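Sequential numbering from 1049 applies to the sequence shown in my numbering.
All remarks here apply to the structure that follows.
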Amino acid sequence: MLDDTENKNDSVLSNEQQESQHQTNIVPPESTLKIKKKVITEEYKLAGQVLGIGINGKVWEIFQKKSGKNYALKMLRDTPKARREVELHCRASSCPRIVGIEDVFENYYQGKKCLLLIMECMEGGELFRHIKERGDQAFTEREASEVMRNIGEAVEYLHGINIAHRDLKPENLLYSSKHPDAQLKLTDFGFAKETTSNNCLTTPCYTPYYVAPEVFGPEKYDKSCDMWSLGVIMYILLCGYPPFYSNHGLPLSPGMKKRIRNGQYEFPNPEWSQVSEEAKQLICQLLKTDPTERMTIAQFMNQSWINKSMNVPPTHLHTSRVLKEESHVWDEVKVCSLYHTEVMMLKIQLCI
């Protein structure tokens, strides 16, 4: 555990760095990222608060000594995959819709070399929690349009620099603060991959509820898998439950996998009775089982439902109510999905 006392911090991140503590190491080409070799506690004070838990473990709150500003600390065991994650996140972090990176350190923890990623602290929490905690104020279709535009801006930037995120989901969409005008940003590049040509992705990286059908198969796939995930997120934003789900307490049951492969979903009442046809048609274009027929991010951003939010009807949705009523179900989904993802990450690491 990372402690908040100076002495303990210095022992957590051992002094094996001292011989080269002020050196820097440039990450592979096309990156401006520099990895610091000095002990992190020279510049930061570690706090005891856990901000969240991801596929690589806990994310801790940390304070910059010079400014007193708080940040988020993510620790990754130093592997080629971790280096790639840090590299791609750094390359993308200039986008205002992607969580920014302040610093990266290479330190030792429990005798093993680790990368310590210092990111901006997103104090507003996850997207769905933000909606669920609105109280009696209903979430509207116009607001859903604005949220999807924000997410689309992040994906547009990534696809523009040939990066597939491959893990678009509400848990990876965070608000900068609890203020009503807080920025929504995308994080966690653990599954991200550079895509320099079509159909260049082969590893089945995904979170079950948001996975595109082509990712299941042996064939190669491309960054259009992110567009499917956008469709799933949009669907949930407009009603409060996913288009594809498992009835057996599994993160991915055979029946659920079959429904995803076949694109079998509905728009049931009462949740969908007042949702505009334009929104429904947009979801249908995103949830095309054939990736070559699926809407691209450029086409998505050109849709009037996305780029003209003020013209979208401010219809009250059932989303907040459903998310509250089904909060225990979503908690179970997150736990099962996290376990599934951890197993997948382990398999990937063993193949490196």
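Yeah, the Cβ is synthetic: ideal placement off N, Cα and C, and Gly gets one too.
This structure is a prediction, so every number in the text was calculated from the model and none was measured.
### Query
Buried or exposed: E1133, going by 16 or more other Cβ atoms within 10 Å of its Cβ?
The count along the sequence shown starts at 1 and reaches residue 1133 at position 85. Under this definition E1133 is a buried residue.
### Task
Examine chain D for any beta-carbon lying closer than 8 Å to the beta-carbon of V1370, and answer yes or no.
Here chain D cannot be found, since the structure has a single protein chain.
### Message
Looking at H1364: is its Cβ nearer than 8 Å to the Cβ of A1186?
### Response
To locate residue 1364, count along the sequence shown from 1; it is residue 316. To locate residue 1186, count along the sequence shown from 1; it is residue 138. Judged by beta-carbon spacing, A1186 lies within the 8 Å limit of H1364, meaning their Cβ atoms are closer than that value.
### Contact under 8 Å by Cβ, D1274 with H1213
In the sequence shown, counting from the first residue as 1, residue 1274 sits at position 226. In the sequence shown, counting from the first residue as 1, residue 1213 sits at position 165. In this structure, H1213 lies closer than 8 Å to D1274 by Cβ.
### Task
Check each candidate in K1217, Y1289 and L1222 and name the one with the smallest Cα separation from V1259.
The residue labelled residue 1259 in the question sits at position 211 within the sequence shown. Residue K1217 is the option with its Cα nearest to V1259.
### Task
Reducing DSSP to helix, strand and coil, say where I1110 ends up.
By one-based count along the sequence shown, residue 1110 stands at place 62. Strand at I1110.
### Query
Where does Q1036 land, buried or exposed, given buried means 16+ other C-beta within 10 angstroms?
The structure shown has nothing for residue 1036, since the chain only spans 1049 to 1400.
### Message
Tell me the rounded alpha-carbon separation between L1285 and P1361.
### Response
Here residue 1285 corresponds to residue number 237 of the sequence shown, with the count starting at 1. Here residue 1361 corresponds to residue number 313 of the sequence shown, with the count starting at 1. If I take the Cα positions, the gap works out to 15 Å.
### Message
Per the DSSP calculation, M1167 is bridged to which residue(s)?
### Response
Position 119 of the sequence shown holds residue 1167. Answer is A1120 and I1149.
### Task
May I ask which residues mark the beginning and end of the beta strand (DSSP E) holding Y1223?
In the sequence shown, the residue the question calls residue 1223 occupies position 175. Segment L1221 to Y1223, the beta strand (DSSP E) holding Y1223.
### Message
Whole angstroms are fine: how far does the CA of K1085 sit from the CA of S1357?
### Response
Locating residue 1357 in the sequence shown gives position 309, where the first residue counts as 1. Locating residue 1085 in the sequence shown gives position 37, where the first residue counts as 1. Distance between S1357 and K1085, taken at the CA atoms: about 46 Å.
### Task
Helix, strand or coil for A1260, going by three-state DSSP, please let me know.
If you number the sequence shown from 1, residue 1260 lands on position 212. Reduced to three states, the DSSP call for A1260 is coil.
### Query
Which one or two residues does DSSP pair with C1162 in a beta bridge?
As a position in the sequence shown, residue 1162 is number 114, starting the count at 1. According to DSSP, which records beta bridges pairwise, C1162 is partnered with R1125 and N1155.
### Query
Taking Cβ to Cβ, would you say C1162 is nearer than 8 Å to D1215?
Residue mapping note: residue 1162 aligns to position 114 of the sequence shown, counting from 1. Residue mapping note: residue 1215 aligns to position 167 of the sequence shown, counting from 1. No, they are not a contact pair.
### Query
Taking the C-alpha atoms as reference points, what is the distance between T1367 and P1291?
Along the sequence shown, one-based indexing puts residue 1367 at 319. Along the sequence shown, one-based indexing puts residue 1291 at 243. Roughly 13 Å between the two C-alpha positions.
### Task
Alpha carbon to alpha carbon, how far is L1206 from I1281? Give it in angstroms, no decimals.
Along the sequence shown, read from residue 1 onward, the residue named residue 1281 stands at position 233. Along the sequence shown, read from residue 1 onward, the residue named residue 1206 stands at position 158. Taking the straight line from one Cα to the other gives about 18 Å.
### Query
How many whole angstroms separate the CB atoms of L1221 and E1174, which I take to be in contact at a CB cut-off of 8 Å?
Counting from 1 along the sequence shown, the entry for residue 1221 is found at position 173. Counting from 1 along the sequence shown, the entry for residue 1174 is found at position 126. About 7 Å separates the Cβ atoms of L1221 and E1174, confirming a contact at the 8 Å cut-off.
### Query
In this structure, what does DSSP give as the bridge partners for I1354?
In the sequence shown, the residue the question calls residue 1354 occupies position 306. DSSP output for I1354 lists no bridge partner at all.
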